[in-house]
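Encoded as structure tokens, the structure appears first; notes follow it.
In our numbering, the protein residues as written are 25 to 118.
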């Protein structure tokens, strides 16, 4: 893929999703997330992502906070480093 094509269409958060940065890997399928709405949440990596998508500290992800427990969230999507840089350039995340 050529880099000079510039902007790629990235998956953007739906109404109930937020951008988040993984701050800590807690083992198993849990991570600590710092969400753009200012909250720290416990993130859960669902089984469908667990072995296909490796999630590391510093990764930018899409998280869907639980409606019944706001301090927890499911990790819905992980952005590559290039995609995360694009999100930062466009001002979606710090």
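We put the beta carbon where it would ideally sit given N, CA and C, even for glycine.
Model, not experiment: these values are computed from the prediction.
- Straight-line spacing of the CA atoms in residue 55 and residue 47 works out to 8 angstroms.
- Around the beta carbon of residue 112, a 10 Å sphere encloses fewer than 16 other beta carbons of the protein chains shown; the residue is thus reported as exposed.
- Contact annotation: residue 68 and residue 42 have beta-carbon atoms that are not nearer than 8 angstroms.
- When rounded, the separation of the alpha-carbon atoms in residue 53 and residue 70 is 7 angstroms.
- DSSP, read as helix, strand or coil, puts residue 102 in strand.
- If you draw a straight line from the Cα of residue 62 to the Cα of residue 37, it is about 16 angstroms long.
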